[in-house]
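Q: Input: one structure, supplied below.
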Amino acid sequence: MNQEKPSLNPHPLSEYVAWAGTRNREPILNVLKEKLPKESGVILEIASGSGMHINYFAPHFKHLLFQPSDYDTEVFDNIKNISEELANDNVYDPLYIDLTKPKTWVNLDKKNAYSAIFCINIFHVAPIYIADGMMECTAELLNENGFLLIYGPFKVDGAFNSESNKWFNKILHSTGAPGWGLKDIAYLKKVAEPYNLKLQETIDMPSNNFFLIFARK
Ligand SMILES: C[S@@+](CC[C@H](N)C(=O)[O-])C[C@H]1O[C@@H](n2cnc3c(N)ncnc32)[C@H](O)[C@@H]1O
């Protein structure tokens, strides 16, 4: 594979997103191996994009079932094609979930169905109000002992954790796309409060990313 960094393009089927996913999937898998349930359960991914992550992780957890989702239904065929190519029999067909539209998950009839919910690299390329959708969706769909894992670059108490993330934030803003830019972990914590969710753990990940783990208080 070409290792050169493609130019920024958040489209889920872009070369850039594939490049980022190939770099981050192994470190993310290592965290999931530690955190995901050792017994049976169903795991929901929000904003699955191409489906490269969920399909890469699923064969490592044969005791679990994986549910991909996205608000962009055009990626669904890609997710299904990868599942088929890899013969992943523990990956469901994708669901339509839009974090800005509560009805898309309220109507799912899957209340408290999931042992864990995870999402990768959505917050910096989406408006800040998706944080509210993320927490509301989690509160609705997660089971009692479940947890939410959010992976990506974030600010910490108003500051960037590296010069490269400061630069990345500038590039995101320069695109003019509404709401793009690094969000603050403190803000996510605040939004989680009314949903009875609390940040339980912050894990430093390669390339100045974080894994944030929220669970019920
Ligand atoms: C940068 S891509 C990341 C895709 C994938 N998680 C990855 O890391 O390769 C951002 C994803 O967020 C999804 N997304 C953006 N806004 C969303 C929303 N309001 N609800 C659900 N998904 C959303 C996009 O469709 C896209 O798949």
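So the sequence shown is residues -19 to 197, counted in the working numbering.
Positions of the beta carbon are idealized from the N, C-alpha and C atoms, including for glycine.
Since we're looking at a predicted model, the values are computed, not measured.
(1) Name, in chain order, the residues that DSSP records as bridge partners for methionine 185.
(2) Which residue wins for smallest C-alpha separation from tyrosine 51, given the options Pro7, Ala139, Glu25?
(3) Give a single yes or no on whether histidine 153 has its beta carbon closer than 7 Å to a heavy atom of ligand 1.
(4) Under DSSP, the beta strand (DSSP E) around glycine 21 begins and ends at which residues?
(5) Enumerated in chain order, which unbroken segments of the alpha helix (DSSP H) with a length of 4 residues or greater are wholly contained in the stretch 96 to 136?
(6) Any heavy atom of ligand 1 closer than 7 Å to the CB of leucine 79?
(7) Could you spell out where the beta strand (DSSP E) holding phenylalanine 41 opens and where it closes?
(8) Within the same chain, show all residues whose beta-carbon is closer than 6 Å to that of glutamate -5, passing over the 5 residues directly before and after it, in chain order.
(9) Kindly list the residues whose CB is nearer than 7 Å to the CB of asparagine -18, restricted to its own chain and excluding five residues on each side of it in sequence; keep chain order.
(10) Quick one: what's got a C-beta closer than 6 Å to alanine 172's C-beta in the same chain, skipping five residues either side?
(11) DSSP three-state label for tyrosine -4, please.
(12) I'd like to confirm something about serine 59: is its beta-carbon nearer than 7 Å to some heavy atom of ligand 1, or not?
(13) Hey, would you say the C-beta of methionine 32 is under 7 Å away from at least one heavy atom of ligand 1?
(14) Going by beta carbon distance, what residues of the same chain come within less than 7 Å of asparagine 70, once the five residues before and after it are set aside?
(15) CB phenylalanine 134 to CB phenylalanine 191, shorter than 8 Å?
(16) On the DSSP bridge assignment, give the partners of lysine 178 in chain order.
(17) Rounding to the nearest angstrom, what Cα-Cα distance links isoleucine 183 and leucine 129 in this structure?
(18) Does the Cβ of lysine 197 lie closer than 7 Å to at least one heavy atom of ligand 2?
(19) Okay, do the stretch 75 to 89 and the stretch 105 to 119 touch, 3+ Cβ pairs below 8 Å being the bar?
(20) Which same chain residues end up closer than 7 Å to proline -10 when comparing Cβ atoms and leaving out the 5 residues on each side of it in sequence?
A: The structure says:
(1) Sequence index remark: in the sequence shown, residue 185 carries index 205 (1-based). Asn189, per the DSSP bridge assignment.
(2) On the sequence shown, position 71 is the one that residue 51 refers to. Among Pro7, Ala139, Glu25, the Cα nearest to that of tyrosine 51 is on Glu25.
(3) In the sequence shown, counting from the first residue as 1, residue 153 sits at position 173. Histidine 153: no, Cβ never under 7 Å from ligand 1.
(4) Taking the first residue of the sequence shown as 1, we reach residue 21 at position 41. Note, glycine 21: beta strand (DSSP E), 21 to 26.
(5) 110 to 121
(6) Reading the sequence shown from its first residue, position 99 is the one you call residue 79. Yes, ligand 1 has a heavy atom inside 7 Å of this Cβ.
(7) Walking along the sequence shown from the start, residue 41 turns up at place 61. It is not in any beta strand (DSSP E) - phenylalanine 41 carries neither H nor E in the DSSP assignment.
(8) Translated into the one-based positions of the sequence shown, residue -5 becomes position 15. Answer for glutamate -5: Pro(-14), listed in chain order.
(9) Within the sequence shown, numbered from 1, the residue matching residue -18 stands at position 2. With a pLDDT of only 47 at asparagine -18, under 50, the local geometry of the prediction cannot be trusted, and no value is derived from it.
(10) Within the sequence shown, residue 172 is the residue found at index 192, counting from 1. Excluding positions up to five away in sequence, the list reads Met115, Phe194.
(11) Start at 1 with the first residue of the sequence shown, and residue -4 comes out as number 16. In this structure, tyrosine -4 counts as helix in the three-state DSSP scheme.
(12) Against the sequence shown, residue 59 aligns to sequence position 79. In the sequence as presented, serine is not what sits at residue 59; that position holds isoleucine. No, the Cβ of isoleucine 59 stays beyond 7 Å of every heavy atom of ligand 1.
(13) On the sequence shown, residue 32 is found 52 positions in, with the first residue counted as 1. Indeed, a heavy atom of ligand 1 lies less than 7 Å from the Cβ.
(14) Within the sequence shown, the letter at position 90 stands for residue 70. Correct list, in chain order: Ala38, Lys42, Leu44, Leu45, Phe46.
(15) By one-based count along the sequence shown, residue 134 stands at place 154. By one-based count along the sequence shown, residue 191 stands at place 211. For phenylalanine 134 and phenylalanine 191, no; Cβs fall outside 8 Å.
(16) By 1-based counting over the sequence shown, the position of residue 178 is 198. In the DSSP output, where bridge partners are listed per residue, lysine 178 has Ala195.
(17) Along the sequence shown, read from residue 1 onward, the residue named residue 183 stands at position 203. Along the sequence shown, read from residue 1 onward, the residue named residue 129 stands at position 149. When rounded, the distance between both Cα atoms is 10 Å.
(18) Looking for ligand 2 in the displayed structure turns up nothing; the ligands present are ligand 1.
(19) yes
(20) By 1-based counting over the sequence shown, the position of residue -10 is 10. So the qualifying residues of the chain are Val(-3), Val105.
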